[in-house]
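In my numbering, the protein residues as written are 2 to 95.
Glycine residues also receive a C-beta, built at the ideal position from the N, C-alpha and C atoms.
A quick note: this is a predicted structure, and the numbers were derived from the prediction, not measured.
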């Protein structure tokens, strides 16, 4: 599922943010690796230092709601069960 954020206006915005359950990381990383260099991607492992010490709900809500033009959601059984993916999904859809 891909959602477009209409309010992305930060000069450091991302073209795409990926939302996924940790159990699906290996597959998502393959997709992210194919997109690297073609667009600016928010992939959580690449932004650990930026997230360090920040409130996770606020940080991820901002990234998925305000800083990303598109969000690619990798929907799976695990995705439906996770708290963080629900935060990301709600932010992307708002």
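Practice item. Return the CA-CA distance between residue 79 and residue 33, expressed in angstroms with no decimal places. Key: For the purposes of this step, residue 79 is taken as residue 78 along the chain shown, with counting starting at 1. For the purposes of this step, residue 33 is taken as residue 32 along the chain shown, with counting starting at 1. Straight-line measurement puts the Cα of residue 33 at about 19 Å from the Cα of residue 79.
Practice item. Report the residue from 30, 50 and 81 whose alpha carbon sits nearest the alpha carbon of residue 42. Key: Taking the chain shown and counting its residues from 1, the one referred to as residue 42 is at position 41. Looking at 30, 50 and 81, the one whose alpha-carbon comes closest to that of residue 42 is 30.
Review point. What three-state label does DSSP hand residue 45 in the structure shown?
Key: Taking the chain shown and counting its residues from 1, the one referred to as residue 45 is at position 44. Looking at residue 45 - three-state DSSP - the assignment turns out to be helix.
Check your understanding: For the beta strand (DSSP E) that residue 22 lies in, which residues bound it at each end?
Key -> As a working note, residue 22 is residue 21 in the chain shown. Here residue 22 belongs to no beta strand (DSSP E), and DSSP marks it neither H nor E.
Check your understanding: If you count every other CB in all the chains shown that lies within 10 Å of the CB of residue 8, and 16 or more means buried, which is it?
Key -> Along the chain shown, one-based indexing puts residue 8 at 7. Only weak support exists for where residue 8 lies, its pLDDT of 47 falling under 50; the coordinates are left without a value.
Check your understanding: Which same chain residues, not among the five before or five after residue 77, have their C-beta less than 7 Å away from its C-beta?
Key -> Here residue 77 refers to the residue found at position 76 when the chain shown is read from its first residue. By the criterion of a C-beta distance shorter than 7 Å, residue 77 is surrounded in its chain by 22 and 25, once the five residues flanking it on both sides are discounted.
**Study point:** residue 37 in three-state terms, based on DSSP
**Key:** Along the chain shown, one-based indexing puts residue 37 at 36. It is a strand residue.
**Study point:** Residue from 95, 85 and 28 with nearest C-alpha to residue 71
**Key:** On the chain shown, position 70 is the one that residue 71 refers to. If we check each option's Cα against that of residue 71, 95 comes out closest.
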